């Protein structure tokens, strides 16, 4: 329908200048449609990323509220638990390091020689 109307319009306009058009075709219609599809896809992707960020922020907010409540009811216990977890992590990192050596207290470093 569109192609036929364009064909008629161009044929009439060209005949005013003494030109005869044999065939007319629209070639960039598909490119424009593909660009519109790509733009729509990018918009949908951005909206999904926005939703994901909102959901993650809501989850973080809920976690913060629960953490604040737990401080109120069992504050010392939770602080002690976090301290133990941090100490475990530090011990694990030190155990993996090749540059750390454990020296027990009260012993001489030089082949157990008396001091």
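Numbering (the numbering used here), first residue to last: 21 to 135. Where is the CB? At the ideal position from N, CA and C, for every residue including glycine. Quick caveat, the model's predicted, so the values are computed rather than measured.
Next on the checklist: Taking a contact to mean a Cβ-Cβ separation below 7 Å, would you say residue 27 touches residue 44 in this structure?
Outcome noted: yes
Margin query: Tell me whether residue 79, by its Cβ, gets closer than 6 Å to a heavy atom of the ligand ATP.
Written below: Looking at this structure, you won't find the ligand ATP or any other ligand, since it has none at all.
Would you mind working out which of 54, 22 and 113 sits nearest residue 46, comparing C-alpha positions?
22
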